[in-house]
Each structure stands twice: as structure tokens, then as C-alpha cells.
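These notes concern the structure reproduced below.
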Amino acid sequence: MSKKIVIIGAGPGGLATAMQLTEQGHDVHIYEKASEIGGRTALLKQDGFSFDLGPTALNMPNVLTALFADCNRNIQDYIKLVSLDPLYSLYIEDIIFSPSSNRDKTKNEIARFFPGEEEHYDRFMHDNAKKMIYLLPLWQEPFTSLWSIFRMRTLRALPSLTLGNHLIDELAKYFEDKRLRLAFSFETKFLGMSPWETPGAFSVIPFAEHYFGIFHIVGGINRLTQAMSEIVQENGGKIHLNQQVQQINTASKTITSITLENGELVEGDYFFLNADYAYTMSHLFSNTKAPVNLKKLNQKKIFLFWFCHVSRFRHNASSKCSYRSISE
Ligand SMILES: Cc1cc2nc3c(=O)[nH]c(=O)nc-3n(C[C@H](O)[C@H](O)[C@H](O)COP(=O)(O)OP(=O)(O)OC[C@H]3O[C@@H](n4cnc5c(N)ncnc54)[C@H](O)[C@@H]3O)c2cc1C
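For the sequence shown, position 102 matches number 102 in the UniProt record's numbering, and the numbering has no gaps at all.
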């Protein structure tokens, strides 16, 4: 039976949720405070030029291909992907290092600057392929309570996750030259972190770049969010722009409605909160109604959203979102 779904935020997370739910025939409404869709993956147009405000390149396009296929769409009808080779050029001290998704090319590049470390690269790729096999299914599962951590799949993955190790130490197990360690850890900057404080499990990020490749979307990454919003609307979903959600209303630990800035009350059967987690918890719920301890939340420095990228609240259910501090 069709349900009324309310989603806060028309970033890629909100749009992906809306694509799937409209495809299932639900009556989906996204409320977006900005005048454009995209969130941190939005487009800026100025003086005849277009700029991506957020990410500029795409990794693991298979995830998106599957999302579009779930909605009976062929992603190639919407966006054109160009594989990048080299992946990028890194200026590290005195060298310009340009790895590729072609393993032989990368090994030649490593041999050129770091002779003898080619075999270390093979070992890095082999070990991280195993780590990825354990991690991928975890990324696709909700971690809604402490008990979720004790699922068999999670426990089996634990030894491969190199918990307790920082990324830079993890890389030191493989690469002798510190420039090579930097070449496999610069991605932490995208998270606003340093390799000295990022968990070792993040070595799957450089692995994924080297293994799956990096892709440019012709016209920019914003073409992807545009395509997603087209599908939502083709399926009958509504995207309400310039509609800031001011408050989330609850009764008995259940979200019942949202109040927009203009005072309008919007009711629904299900609510998906896809605005920034800390902001949502501390600004959109009244102090006494937030489903997390706001004092504790304020003490956290950084939150990992691996396990709850889309914070989901079900009608007649209390908060299901879990989070983990990596700074303590
Ligand atoms: C410079 C930069 C580079 C990046 N590079 C990468 C990268 O290389 N790889 C990568 O994976 N990610 C990258 N990111 C992060 C990526 O952009 C985000 O992970 C992604 O946009 C998150 O999508 P989302 O839908 O969860 O949230 P968002 O994109 O943040 O969307 C949330 C939406 O909610 C809306 N909203 C918030 N509050 C309200 C409210 N009260 N009422 C209504 N609407 C509201 C916001 O306006 C926004 O549109 C980068 C980001 C930046 C800024």
C-alpha cells in the first residue's frame, strides 16, 4: 500500500532514497531548504561557467549502476562516464607520482620512483581486496543498535578491519618510502582528517581507487544529482525547493510531522532525515525530544556515518541511528 514519505534534504542521499521509494509507488515529498538540488554535491553557475561545489570525480560507479537498475533505468541513458588514466598526479616533495587503475602501469611508476616497492604494492592490493570483501556488506547494512555489532558478519570482519591502527601505521606495514605512504593516504584530506588520526580500515579507499578506477562525469558530478532528481520526478515524486524544515514534531518517541519555516505542518507515514546528522539532532528536535543525548553529541569531535548514512526514523519507532566517535 502506498505510504506518504517525507524526506528532509535533496542531496544525493535524499535523492537516492526518493528514487527507490517512488519506484515502489510511494507518495514521496522531499523538502529542501536551498533553491537547487544537490546539497554538498550541488552546481554553481557563474559567468557562463559551471562548477561542482563538492566532489569532482567518481569511484565505484557500480554502486550507482545498481541504484539506477533498481529503478529500472540504465545509468548510461543519463550520464556519460570517462575513466581517468592516470587516476591523478600527486606532487609529493621532489616527484610527480601518477598511478593508474592498470596495475602494471602503477607498478612501473612505483619502480621508477621507489625501486623495490612494486612487490609491496602487490601485497597492499591483495590484503586490501580481502578487507574490502568483509567491509562492503557491512556498508550496506543498518547498524541500528549496539547488538548489530555482534552479528556474525561483523564479527567475522573484525580481524580484517585493522581496528586500533591509524592509517599511516597501516601503510607503514607495506611501504618503506614515506612519500609512497602519503600517496596512499592523501584521500583522508577529503574527510578533513590526517592519516595520523584516520583509522587503518580507511586503506580500502586508496585500494578502491586503484582497483575500480576513478571516473569523470561529462558535465560534472552535478549531472548525477540532476539525473537522480529527474527520475524522482518521472516517478511522480515531488521536490519542494526553498522549503526549510524548522522543526521535527514527535509524540511518544515517534515522528509525527515536520514544520516548515513558513509554518506549514507536513504529516507523513515515514520520515527520512538526510540533513547533516549533528545539525538535525541539535537543531530540528527540541532539546527534550532529540533521540540522542545532545550533551554527549556535543562532546564528539568527528562522526563516522558508515553505519547510518541515511538516518531513518520509522513511524511508531524510536531513533534507529547509530554513530561512532573516532576521536576518543
Ligand atoms: C569540497 C567537497 C569535496 C567532496 N569530495 C567528496 C569526494 O571526493 N567523495 C565523496 O564521497 N564525497 C565527497 N564530498 C562529500 C559529498 O558531497 C557528501 O558526502 C554528499 O553530498 C552527502 O550527501 P547527503 O545527501 O547525505 O548530504 P548533503 O549533500 O549534505 O545534502 C543534505 C541536504 O539537506 C538540506 N538541508 C539541510 N538542512 C535542511 C533543513 N532544515 N530543511 C531542508 N533541507 C535541509 C541541505 O540544503 C542539503 O541539500 C565532498 C564534499 C565537499 C564539500
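For glycine and all other residues, C-beta sits at the position ideal for the given N, C-alpha and C. Owing to the predicted nature of the structure, the values given are computational and were not obtained by experimental measurement.
| request: Report all residues from its chain with a CB closer than 7 Å to the CB of GLY11; omit the five preceding and five following residues, and keep chain order. | output: GLY38, GLY39, ARG40, THR41 and ASN274
| message | My output table needs one value for SER257: the three-state DSSP class, helix, strand or coil. | response | strand
| field | Where ASN249 falls: helix, strand or coil (DSSP) | value | strand
| message | In the DSSP output, which residue or residues are listed as bridge partners for HIS29? | response | VAL6 and LYS238
| query | Taking just the CA atoms, how far does PHE124 sit from GLY134? | reply | Sequence inspection shows Tyr at residue 134; the Gly mentioned does not correspond to that position. Their backbone Cα atoms lie some 16 Å apart in a straight line.
| message | Can you give me the C-alpha to C-alpha distance between VAL232 and SER89, rounded to a whole angstrom? | response | 37 Å
| message | Considering Cα atoms alone, identify which of LYS178, THR162 and HIS216 is closest to VAL204. | response | THR162
| query | Do PRO195 and ILE168 have their CB atoms nearer than 8 Å? | reply | yes
| query | Between the stretch 172 to 187 and the stretch 65 to 83, do three or more beta carbon pairs fall short of 8 Å? | reply | no
| Do PHE190 and ligand 1 come close, with the Cβ less than 7 Å from some heavy atom? | yes
| query | Any idea if VAL28 is buried or exposed, counting beta-carbon neighbours within 10 angstroms, 16 or more meaning buried? | reply | buried
| query | What separation, rounded to the nearest whole angstrom, lies between the Cα atoms of HIS216 and ASN222? | reply | 11 Å
| request: Return yes when the Cβ of GLU32 is within less than 8 Å of the Cβ of GLY13, no when it is not. | output: no
| request: Compare the Cα-Cα distances from PRO61 to each of ASN74, SER50, LYS173 and ARG153 and report the closest residue. | output: ASN74
| From ASN165 to ALA172, what distance separates their C-alpha atoms? | 11 Å
| query | What is the DSSP secondary structure of TRP306, counted as helix, strand or coil? | reply | Bear in mind that a pLDDT of 36 at TRP306, under 50, signals an unreliable position, so the model cannot answer this.
| PHE113, DSSP secondary structure in three states | helix
| message | Are the CB atoms of GLU109 and GLU176 within a distance shorter than 8 Å? | response | no
| field | Reduced DSSP secondary structure (H/G/I, E/B, other) of ILE79 | value | coil
| message | Is it buried or exposed, PRO159, if we count other Cβ atoms within 10 angstroms and call 16 or more buried? | response | exposed
| said: For ligand 1, is there any heavy atom lying closer than 7 Å to the beta carbon of ARG40? | reply: yes
| task | Count the other CB atoms, across all protein chains shown, that sit within 10 Å of the CB of CYS308; report buried if there are 16 or more and exposed otherwise. | result | Note that CYS308 scores a pLDDT of 34, beneath 50, so its modelled location is shaky and nothing firm can be said.
| said: Quick check on DSSP: helix, strand or coil for ASP104? | reply: helix
| Is PHE207 near MET132, with beta carbons less than 8 Å apart? | yes
| query | So LEU191 packs on VAL245, CB below 8 Å; how close in whole Å? | reply | Not a contact, Cβ separation roughly 26 Å.
| request: In the DSSP assignment, find the unbroken beta strand (DSSP E) run with HIS216 in it and report its ends. | output: 214 to 217
| query | From GLN226 to PRO115, what distance separates their C-alpha atoms? | reply | 45 Å
| Can you tell which of GLU209, GLY25 and GLY268 has the C-alpha that lies nearest to the C-alpha of PRO99? | GLU209
| Any idea if SER252 is buried or exposed, counting beta-carbon neighbours within 10 angstroms, 16 or more meaning buried? | exposed
| said: On the DSSP bridge list, what partners appear for HIS166? | reply: PRO199
| Counterpart residues of ILE92 in DSSP-defined beta bridges | ILE95
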